[in-house]
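Structure first, commentary second.
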Amino acid sequence: MTPGEPLLTFDRVALESERRTVSFQILPGDAYALMGSAASGKTKLLDIALKQSKPASGEVHYHADTITPADGAFGRRATPASLAKSFLKKGEHERITTTLTALGLWEVRDQTANSLTTGQIIACSLLGCFLVDDPLVIIDGHLDMLDPWLLEEVSELIEAERQAGRAFLISTNRPDIAERLGSIIVLRGSQALFAGTCRELIESVQASEITVELDDETTVATMVEPFTVSVKTSPGRLDITAHDGQALAAKLLTHGYGRVKSVVLREPTLEQALLTLR
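For the sequence shown, position 1 (counting from the first letter as 1) is numbered 51 according to this note's numbering, and the numbering increases by one without interruption.
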C-alpha cells in the first residue's frame, strides 16, 4: 500500500437490492462515524467492510488489514495487563503502559476480568485496536458505552493514531462522537442518506440564523443579500438566514460594514441536521 492510497473503497454499494447506493473512500488518517436508527443497515455495512458479507450490488475494494474490538468474553483469569501483553512482543512495556493508562486500565491492570466494571470490560475490548498496527480500525458501538472522562482519553488516543496514518470507521448513536471524528455516513432503511463531513451535512439540510444590531441596516443588507437565503430588515436590526453563517458573521465583525454593534450567530447542530435529513 502506497501513501495516500485508500484503505477501503465503497463504489456505488447497495446494502439491499433496489436501495439507494453509497460511495466513499477511507484514506489513511480518516475517521468516519456510521449513524442510523435501528435496522438502518449499520451492521450490514460493517460486515461488508470486514469481508463478512457481500453487498447487493456495487463494488468494494479492500486495500488494508482491519482490526475490531474483542468480543469481551475474556477468561476468568484474564487481566488487563495479560490481555495487553497478548497483542505485543516482549519488551514493548512502554506502549503497554501508555495504552492501559489511556484506556483507564492502569490502576486495575492486575485485576481479573470478572471483577471489572462494564466500562472497564469495554476498555479491555478496545486494547487490540490500539496495540495492533492494522491500518483500519472498525468499532461497532463500543464508544457509546464509555463514560465522558474515558471517552475523552480514547478520543485523544484515536487522534494520535490518525496522525500516525491509521483510519477509523466507528458505528455510534451519539452525535458528539461523530463530531469528534469529523466525517459521517448516515443510513436509514438499509440505504445511504449521506456520506461526507459533519459540516457538509449540517450545511446541506439547515441554514444558520444571524441577528445583527447596527445603526444603518441598508449598507449591510445590500452587502449580504447575494450570499443569503433570506434577509429580514427592521429598525436597527437584520435577521439573516445563510448557509455559511459562521463565515458571514465573521465577515460582518471584521470588515466594518456600517456601525455593527453586535452579531449573534445561531448555527444548527449535528443532531438537528440528522433529524431533518431525508
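Positions of the beta carbon are idealized from the N, C-alpha and C atoms, including for glycine.
No experiment lies behind these values; they were computed from the predicted model shown.
State the DSSP-derived secondary structure class of residue i, mapped to helix, strand or coil.
i: Q196; result: Checking the sequence, you will find Leu at residue 196 rather than Gln. L196: coil per DSSP, three-state reduction.
i: D351; result: Residue 351 lies beyond the residue range present for the chain, which begins at 51 and ends at 328; the question has no answer from this structure.
i: E109; result: strand
i: D61; result: strand
i: S258; result: strand
i: E317; result: coil
i: L325; result: helix
i: E66; result: coil
i: E55; result: coil
I think residue i touches residue j, with their Cβ atoms under 8 Å apart; what is that distance to the nearest whole Å?
i: R159; j: T129; result: 6 Å
i: F137; j: L181; result: 4 Å
i: M195; j: I172; result: 5 Å
i: L201; j: A152; result: About 12 Å separates the two Cβ atoms, so there is no contact after all.
i: A120; j: G178; result: 6 Å
i: S107; j: S67; result: 7 Å
Can you name the start and end residues of the alpha helix (DSSP H) that residue i belongs to?
i: Q241; result: Run containing Q241: none in the alpha helix (DSSP H); it sits in the beta strand (DSSP E), 241-247.
i: A131; result: 130-137
i: L96; result: 92-99
Between which two residues does the beta strand (DSSP E) containing residue i stretch?
i: K75; result: For the record, residue 75 in the displayed sequence is Gln; it is not Lys. Taken as a continuous stretch (DSSP letters only), the beta strand (DSSP E) holding Q75 covers 72-76.
i: A83; result: 81-86
i: L237; result: 233-238
If you draw a straight line from the C-alpha of residue i to the C-alpha of residue j, how long is it?
i: R127; j: K135; result: 14 Å
i: F74; j: K104; result: 16 Å
i: P198; j: D226; result: 11 Å
i: D61; j: V255; result: 24 Å
i: V236; j: A242; result: 6 Å
i: G232; j: P318; result: 16 Å
i: P78; j: L193; result: 21 Å
i: Q322; j: K92; result: 20 Å
i: I76; j: R316; result: 32 Å
i: A214; j: A163; result: 31 Å
i: E109; j: D80; result: 20 Å
Exercise for review: Pick out the complete beta strand (DSSP E) segments inside the segment 141-226, 3 residues or longer, and give them in chain order.
Suggested key: 186-190, 217-221
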